[in-house]
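> Residues in the sequence shown are numbered consecutively from 1, following UniProt numbering.
A virtual CB, placed ideally from N, CA and C, is assigned to each residue, including glycine.
Quick caveat: nothing in here was measured; it's all calculated off a predicted structure.
Encoded as structure tokens, here's the structure I'll be asking about.
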Amino acid sequence: MLEGLLMGLNTALSLQNLLMVVAGCLIGTFIGMLPGLGPMSIIAIMIPVAISMGDPSAALILLAGVYYGAIFGGSTSSILLNAPGVAGTVASSFDGYPMARQGKAGKALTIAAIASFAGGTIGAILLMIFAPALSSVALLFHSAEYFALMVVGLSAIAAFAGTGQVAKALIMTLLGLIMATVGEGALFNLPRFTMGIMDLQSGFAFITLAMAMFALPEALFLVLKPKDLKGGEGEIKDMRISRAEARAIAPVIGRQSLQGFFIGVLPGAGATIASFLGYAVERNIAPKHEQDEFGKGSIKG
């Protein structure tokens, strides 16, 4: 194992592959900012480029950099525009966009960058150490275990419901479950509630629904009430976080890096489930006076 790790590091740290990392991250970040594309679309676009490179290691590193960059780039549009670039960054808009409206967009982007880098680094290290053991455990997950995981995810909705908002949260949960039934069934591959529309054969795309729920209402709000906008041009110093804020977010980043890793190991569970569960966990374990700040611009959110 150690010999293979050293060989991998020797390959990854070559000048060519380091340039591929930088290029991939930059491309993924800029394209990931565009709502609706997502990392899979970007990787599909980059596959011909990767094939033409001739070096499999450099091509794989380029695609990995594009993927990581796209995930981080999606948080930029979530924070600045309330329009998630990718499905996994929807939770970033819950507190990131309120921070942007308070004139703290730079600080929110800095926190997102730090959390993204720390989570990716910790996840990569844990993957190298525990991948053989966790892969065997992940293969043991079947229908019952996935059902339990989905129940946990749905129960986390209670964390998003404020005081007196539980009924609304349950209604929206039911609406989401109903919309999830549209498309071909996983068991018999028969169309359900497609009304003869071919575009609904694959169901509703999550990122499309996220943009409709977050970006469209915000756009209408800006059109109807443009004078309600507050805040001026940010300064570079606005991107800095204080030591107190760093101490506050460090435990959150550590906990969610571990939780996100173990959720991500499970087949079928990705960044979307991990981000929503992580947000719910942090809100539930936060002190009572901090729980009310979630959704209003909390740095922990």
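Would you kindly check if the distance between the Cβ of Asn17 and the Cβ of Ala44 is under 8 Å?
no
> Taking only the alpha-carbon atoms, compute the straight-line gap between Met195 and Ser52 and give it to the nearest angstrom.
43 Å
> Give a yes or no on whether the C-beta atoms belonging to Gly297 and Met99 are separated by under 8 Å.
yes
> Under 8 Å by Cβ, that's how I've got Ser257 and Ala118 pegged, so tell me the actual separation to the nearest angstrom.
6 Å
> Alpha carbon to alpha carbon, how far is Ala138 from Phe193? Give it in angstroms, no decimals.
33 Å
> Grouping DSSP H, G and I as helix and E and B as strand, with all else coil, what is Gly254?
helix
> Excluding the 5 residues flanking Gly301 on each side, which residues of the same chain have their C-beta closer than 6 Å to its C-beta?
Phe94, Asp95 and Phe294
> Is the beta carbon of Gly74 sitting closer than 8 Å to the one on Thr89?
yes
> Just checking my contact of residue 303 with Phe261 at CB under 8 Å: how many whole Å lie between their CB atoms?
Residue 303 cannot be examined here, being either before or after the span of the chain that is shown, 1 to 301.
> Between Gly28, Val182 and Ala212, which has its C-alpha nearest Asp199's C-alpha?
Val182
> On a CA-only basis, which of Ala91, Glu282, Ala131 and Leu154 is nearest Gly254? Give me that one, please.
For the set Ala91, Glu282, Ala131 and Leu154, the Cα lying nearest the Cα of Gly254 is the one of Glu282.
> Throw me the rounded Cβ distance for the Met33 and Ile61 pair, which I believe falls under 8 Å.
No, Met33 and Ile61 are not in contact; Cβ-Cβ is about 22 Å, not under 8 Å.
> When you compare only the Cα positions, how much space is there between Ser202 and Pro191?
Cα-Cα distance, rounded: 9 Å.
> In the DSSP assignment, find the unbroken alpha helix (DSSP H) run with Pro39 in it and report its ends.
Gly38 to Met53
> Helix, strand or coil: which one does DSSP assign to Glu3?
Glu3: helix per DSSP, three-state reduction.
> Can you find the residues in the same chain that come closer than 7 Å, C-beta to C-beta, to Val252, ignoring five residues on each side of it along the sequence?
Same-chain partners within the cutoff: Glu282 and Lys300.
> Sort out for me which residues DSSP pairs Pro56 with in a bridge.
Partner(s): none; Pro56 has no beta bridge.
> Would you give the residue range spanned by the alpha helix (DSSP H) that Glu293 belongs to?
No alpha helix (DSSP H) contains Glu293, which DSSP labels as neither H nor E.
> Since Asn17 is in the alpha helix (DSSP H), which residue starts that stretch and which ends it?
Leu15 to Gly32
> What does a CB cutoff of less than 7 Å around Gly153 pick up in its chain, not counting 5 residues either side in sequence?
Ile273, Phe276 and Leu277
> Excluding sequence positions up to five away, which residues of its chain have a Cβ less than 8 Å from the Cβ of Thr110?
Met239, Arg240 and Ile241
> Which word fits Phe72, buried or exposed, when buried means at least 16 other C-beta atoms lie within 10 angstroms of its C-beta?
buried
> Compare the beta carbon distance of Ala83 and Pro35 with 8 Å and say whether it is the shorter of the two.
yes
> Between the Cα of Leu37 and those of Phe30, Arg101, Val22 and Gly85, spot the shortest distance and give me the residue it belongs to.
The shortest CA-to-CA distance from Leu37 to any of Phe30, Arg101, Val22 and Gly85 is the one to Gly85.
> Do Ile42 and Gly54 have their beta-carbon atoms positioned less than 8 Å apart in this structure?
no
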